[in-house]
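S.K.: Residue 72 in full-length UniProt numbering sits at position 72 of the sequence shown, and the numbers go up by one each step.
For every residue, glycine included, the Cβ atom is placed at its ideal position computed from N, Cα and C.
What you are looking at is a predicted structure, and each value in this text was computed from that prediction instead of being measured.
Handing you this structure, nothing more for now.
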Amino acid sequence: MYLGGDSVLSKNQEIILREIINYMNREGIPPTIREISKLSGMKSTSSVHDNLVKIERLGYISRKKDCSRGIRVLREFDLKQSILIKKEQQ
Numbered sequence: 001m002y003l004g005g006d007s008v009l010s011k012n013q014e015i016i017l018r019e020i021i022n023y024m025n026r027e028g029i030p031p032t033i034r035e036i037s038k039l040s041g042m043k044s045t046s047s048v049h050d051n052l053v054k055i056e057r058l059g060y061i062s063r064k065k066d067c068s069r070g071i072r073v074l075r076e077f078d079l080k081q082s083i084l085i086k087k088e089q090q
């Protein structure tokens, strides 16, 4: 789990957020839910959607309603910090 202030990302949420950021850096546009599903290895687009709702509530992203590429990253988590926390928990 990544602990960012009072915000906690689950492992799946961390993977999804990382894939969104990587995709946007590579392609210049946000991914669709189906693309996030494929990139993250999650088979269910419903699970991806549920996780996106939670990530949005934590303040990492905002999403436009009825827009397939409507994700905007508001703040990025620190991948290095995430790795450090995981190592400390082991």
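Are there 16 or more other CB atoms within 10 angstroms of the CB of Ser40, so buried, or fewer, so exposed?
M.R.: buried
S.K.: I'd like the list of long-range same chain contacts for residue 107, defined as Cβ closer than 8 Å, with 5 residues on each side in sequence excluded.
M.R.: No statement about residue 107 is possible, as the shown extent of the chain runs from 1 to 90 and does not include it.
S.K.: What's the call for Glu27, buried or exposed, on a 16-neighbour Cβ count within 10 Å?
M.R.: Taking all protein chains shown into account, Glu27 has fewer than 16 neighbouring C-beta atoms within 10 Å of its C-beta and is therefore exposed.
S.K.: May I ask you to report which of helix, strand or coil DSSP gives Lys61?
M.R.: A quick correction: the sequence has Ile, not Lys, at residue 61. Three-state result, Ile61: strand.
S.K.: How big is the Cα-Cα spacing for Leu52 and Cys67?
M.R.: 14 Å
S.K.: Given this structure, state the Cα-to-Cα distance separating Leu58 from Pro30, to the nearest angstrom.
M.R.: 19 Å
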